[in-house]
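What follows is a set of notes on a single structure, which appears directly below.
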Amino acid sequence: MNRDVNDDDGYTLTEMLVVIVIIALIAAVLTPSLLGQLSRARAKTATLQLDTTSASLEMFKDDTGRFPTQEEGLGALVADPGIEGWLGPYLKSAKSVNDPWGHPITYAISADGAVSITSLGADGKTGGKGVDADISVALK
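For the sequence shown, numbering that gives the first Met the number 0 assigns the number 0 to the initial residue and increments by one for each residue that follows.
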């Protein structure tokens, strides 16, 4: 078959549809894998963030002689709560007291004075498995 110079050069509708189907198949295969990696990366980031917050709480205690009260919470690491010896801020911003999923990091003091900080995971609820699992750090 000889083509004339005037014939339109380009792709046919069938060729375009084949390319679109191939791209859609590749996306369908890769997307779940990439989303899973993103979720695992956020869980690792939450662990690192809790470690940083834990170190900030220790610095707060070194400077003031105590951990923040339950009422002061983690906000005492960002803004001066009016405590003698406070040399903060110990964290950059109020965003620092949220986990990678945007949920507040919980701060708790037990009856014996033990302090714990917790990220409630991707679902923001107590318990869970995988990326929904709680991540906690205990201090004394």
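C-beta atoms are modelled at their ideal positions from N, C-alpha and C, and glycine is treated no differently.
Query raised in the report: Is the region 121-139 touching the region 39-50 in the sense that three or more CB pairs, one from each, lie closer than 8 Å?
Result: yes
Report task. Leaving out five residues on either side along the sequence, give the residues of the same chain with a beta carbon under 8 Å from the beta carbon of aspartate 50. Result -> Val136
**Report entry** Segment contact flag, the region 66-74 with the region 105-117, C-beta cutoff 8 Å, min 3 pairs
**Finding:** yes
Query raised in the report: In this structure, does DSSP put leucine 138 in helix, strand or coil?
Result: strand
Requested in this report: With alanine 23 as the anchor, note down where its alpha helix (DSSP H) starts and where it stops.
Outcome: 12-63
Query raised in the report: Considering only residues of the same chain and omitting the five flanking positions on each side of glutamate 83, which have a CB-CB separation below 8 Å?
Result: Thr63
Query raised in the report: Which residues in the same chain as proline 80 place their Cβ atom closer than 6 Å to its Cβ, once the five residues preceding and following it in sequence are excluded?
Result: Glu71
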